[in-house]
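Reviewing the structure listed below.
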Amino acid sequence: MSLRQRFIFIVVLAYLVLALSWIFLSDQLLLLLIGPEQLLKVSMLKGMLFVLVSAVGLSLALKNVPLPAGVERSVLPLNHRQSQVRDYLLAALLVGMMLWFRVLLPVDIATKPMMILQLFPVILAAVFGGFGPGIFATLLSAMAVGWIVRHTLSGPEQSLYMQLQWLFLTINGLTVSWLCQQLRNKTYHVGQQQRLLDAVIEGTDDVVFTKDNAGRYQLVNQAACRAFGRDASQIIGRTDIELLDPSQVVVWQQNDAKVRQQQQVLHFQEQIQAADGKPLLYSVSKGPLFDHRQQLCGTFGIARDITAMVGQKRLLQRVLEGSEQGFWEWDLQQQRMQVSERFETMLGYQPGEMDVRPDNWPQLVHPEDFAAVDRSLEQHLQGLAPLHEVEFRARCKDGNWRWILTRGKIVTRSADGAPLQLAGTHTDIQQRRHNEETLRLAELMFAGSYDGMMLVDAENWIIRVNPAFCRITGYSAAEVEGKSPRILSSGLHEKGFYQQMWHQLQQHGFWRGEIINKRKDGTVYTEMLSISVVRDADGKIRQYIGIFADISQLKAHAAELDKVANFDALTGLPNRRLLLSRFNQTLIRALQTGQRCAVCLIDIDGFKQINEEHGSAFGDRVLLALSHQLQSALRHDDTLARLGGDEFVVLLSDMPALPEGNHIVKRLLQAVNRPLQLDGIEISLTSSIGVSLYPDDNADPDTLLRHADKAMYQAKEAGRNRIQWFDPEHEREAQEHRMMLEQLHEALQQHQFVLFYQPKVNLRSGAVVGVEALIRWQHPQRGLLSPAAFLPFIEGSELESQFGQFVLHAGIMQADSWLAEGIQLEVGINISASHLLNADFAAQLSGLLQHYPQLSPGQIELEILESTAIHDLAAARDALRRCQGFGVRFALDDFGTGYSSLTYLRQLPVHSLKIDQSFVRDMLEDPDDHNIVAGVVQLASVFDRSVIAEGVETMAHAKALISIGCELAQGYGIARPMPAAEIAGWIRHWQTEQPWCQLDT
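Residue numbers for the sequence shown follow numbering that gives the first Met the number 0, beginning at 0 and rising by one.
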């Protein structure tokens, strides 16, 4: 339902309510004032009054009926002269009818005139006619009422009450008339303004509309109708979703909601689908509407079609973006500057992030460029330059500087020609400036380079050369430009050399190498030449760039250095450096062919004496002559080198195996032995030669030289003037021995050695008389190793004393530990002869025993191997006596296996003898071994020494030993060596089982 329809409905409904109310209530009101018999007389007047009031009301209603959109309301300006007669007649009629109505009332009018009723026609006349008809109605009413009650207004019956009523009627009439006139004037002016506003709204091309809080349109102008493609009647009272596609108006409704929420004017861009299907873009300003109570009652909007403008702006933007240019504007009046997004992104900012103002513009320009920028701008503003154009560096967001080209001019002037606005573009010229700087530097490098340069076109003609080219070749630029580079050819290279060079250029675009060219004066020189291919975007060759340096002096110097570095200055023979290089090649060839090669180190015997007798200069001549003699004894593929002094090295390839190879080396020995004649002096020389043969000695060149040197020293020690071949097997054994010693030393440091103990018993009584400490190696990979696996490596080494000290300390400490447990055992500890002969052996042993005061020194028995050669028996005897002095006992171990048994027995103060197990083990089968054991027992008895047998494997051995008088024994038949922790348990088991009782004595 439209606004017009709703208005008509409301007016008709109000008329029905008022009419029915008049019908039912008017008679009831009259009955309160008059009787029923007079009601009929007044009914006609009542009806006429109803008709008059209804006519006035309908007139007002019809006058304010809303017109359809697009229909202009006819304007009839209120004019007193035009409405005078009608309004005055209406005023007279209203006054007369009200007087008539009063007369008909059954109340005496003279006494009760009811003057208040006369205000009703005055009000109506003033409302419809204005001030004049209102005054006219007031005068008529006052005159009529005054004439009716004249006797009470003046004369003897005058009444102050009547006079006041008449005065109030007159004053109220005048006041109402004046107020109504003021209202008419205001209404007239408001109407004029409303008509002007309507004319503006309907005449503008901008869309104007209002909506209520529900989003229903309340007002639209013709521009809005054209935008919607509908009449106003089809728009008023409807919402956007009823008029358009719902998907199109979502943004509109969101924007309306923002306006209602924030209650302020907001600006948006909204799109609508035109009637012809084209999208239209509007710039919309929306704001809130408030009623007289300042309550939000809706929204208004003003929208301008910016489709064309945006399209032009986008086109301009695309043009600017396509040209990679930014845009700027400067409003000189308001001192505002605006830059495009492209200018911001040039400097690393996000769109809209920069704050560019005239007051902070100097901060964006490099200090060195600001004066030029300011000068260009001033010249253009003063009319001295047609454009503002300058290059400057602008500060980027990250603080770096970027080259910008700005161009602009005045685009707006005032009426008097003063500039108002400037506009222009910003162009990023960073790359261009970089290219220019690169070209400038390239030109400087080209002109200032010490290396020669030439630029050749695709047809192989010289385009340009630099000064260094002219200096090196002797040609001027004019003499070679336009010529072929063949002008420099020396003719010393074969055709294939140039074919290979051009092939690499075509395939890889680059060639580098040495080339011999010819100068203008005909002299040749060697140059290091680099040629690069320059191609265009399509890959087609455009130019060749050649850069070369004269390396003739470098080549000569390198040759001299090579001679110094690789050859002996005295003899001209290869030195050690060149020898090793050739040695590597010889080894590779020998490996590939399966042949042998040999290295011989020759040292002249007694050459120092020649230098002392004849001088070093004469000695040098001898060495030079000797080198010639050695060279004559060599084959073609052999190499003779001098290491320095009187040492020569000969590298022999394709060596046969021994003994044939020895004949070749003998020729070298014979070459040295041939006498030399120098200055009438005959010199006879001999030499010691050490030889290492590959691959029998499978080593690297340095190692082979060391081996040959070692063999040479062996030859000297063997008497000189001889040949000594290096033995690789002996060397490997020595190497293994050294490695084993290193492992043993490390194992000793890491406490990998432990002591096992083998009990010693009395076969007759069964008493456990002691134990022998035996060392074991707890190897981390190989497990528990017996002494035979490592003790042979220790003998004669520095480790022998360290191991002896370890066994002494561990054995004594264990004896003290058993003593603390109540087990008193004699502990036998093996010591080597070299350890015993240490000068401080007795002192160390004494100090060690002092750490265990509870232990009696007599519980320690040191066992000396009889098979060990004791070179100084006097020193050994002295050491034993010093140790015996503080109670330590000694035993001679493995008795009978050495060569000085009786000597040791006679001279060394030992307490007991230990028969070697090699005799005891076979005494049951071998009579000789049985007799030896019996002899040792008798010998011990003669020398008053106790005797103990080792290697008792069975009780049969024990029985045989008892039979010949040997009661003390140890061996596997009694007990195997065991850890110290198991000794106490074994003793209890031995004493419980009592195996000695089974022996038949």
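Ideal placement from N, C-alpha and C gives every residue a C-beta, glycine not left out.
When the five nearest sequence neighbours on each side are left out, the beta carbons in the same chain lying within less than 6 Å of the beta carbon of Gly286 are those of Val264, Phe299, in order along the chain.
Assignment of Arg101 by DSSP, reduced to helix, strand and coil, places it in the helix class. Contact holds between the segment 746-754 and the segment 801-813, because three or more Cβ pairs, one in each stretch, are under 8 Å apart. Where Gln503 is concerned, the enclosing alpha helix (DSSP H) starts and stops at 494-507. In this structure, the straight-line span from the alpha carbon of Leu824 to that of Gln853 is close to 13 Å.
If you ignore the 5 residues before and after Leu123, its C-beta comes within less than 6 Å of the C-beta of Leu93, all in its own chain and listed in chain order. Assigned with DSSP and collapsed to three states, Cys965 falls in coil, not helix or strand.
At a Cβ-Cβ threshold of 8 Å, Ala878 and Ala841 count as neighbours.
DSSP, reduced to helix, strand and coil, places Asn434 within a helical segment of the structure shown. Bridge pairing for Ser488: Asn516 [DSSP]. The beta strand (DSSP E) runs lying completely inside the segment 613-664 and spanning 3 residues or more are 638-643, 646-654, given in chain order.
Note that the C-beta distance between Phe342 and His425 is below 8 Å.
Distance from Ile863 to Leu836 at the Cβ level is roughly 11 Å; contact not present, criterion being Cβ atoms closer than 8 Å.
Pro674 and Glu681 have their C-alpha atoms spaced approximately 6 Å apart. When DSSP reads this structure, Val753 sits in a beta bridge with Arg775.
Per the DSSP secondary-structure output, Trp510 pairs in a beta bridge with Ile530.
The C-beta separation of Ala597 from Gly660 comes to about 7 Å, placing the pair in contact by the 8 Å criterion. The bridge partners DSSP lists for Tyr449 come to none.
Burial of Leu703 is indicated by the presence of at least 16 other C-beta atoms within 10 angstroms of its C-beta. In the structure shown, the three-state DSSP call for Met444 is helix. In the three-state DSSP reduction, Leu579 falls in the helix class (H, G or I). Going by beta carbons, Ser683 and Met711 fall outside the 8 Å limit.
Per the C-alpha coordinates, the member of Leu891, Ile982, Asn829, Ile961 positioned closest to Trp995 is Ile961.
With fewer than three CB-CB distances shorter than 8 Å, the segment 429-443 does not count as touching the segment 468-487.
Straight through space, the alpha carbons of Phe227 and Ala273 are spaced by roughly 7 Å.
About 5 Å separates the CB atoms of Met452 and Ile546; that is less than 8 Å, so the two are in contact. Under the three-state reduction of DSSP output, Arg356 falls in the coil class, being neither helix nor strand. In chain order, Asp604, Val671, Asn672, Arg719, Asn720 place their CB closer than 7 Å to the CB of Thr685, counting only its own chain and leaving out the 5 sequence neighbours on each side. The Cβ atoms of Ala136 and Gly95 lie no closer than 8 Å to each other.
Residue pairing by DSSP places Ala393 opposite Val364, Arg401 in a beta bridge.
Remark: C-beta atoms of Leu907 and Ala939 do not approach each other more closely than 8 Å.
The beta carbon of Glu799 is closer than 7 Å to those of Ile793, Ser831, Ser833, His834 in its chain, skipping five residues each way along the sequence. In the DSSP assignment, Pro287 falls within the unbroken beta strand (DSSP E) covering 278-289.
As DSSP reads the structure, Gln333 sits in no beta bridge. The shortest CA-to-CA distance from Pro350 to any of Met113, Gly618, Gln337, Leu633 is the one to Gln337. Bounds of the beta strand (DSSP E) holding Asp892 are 888-894.
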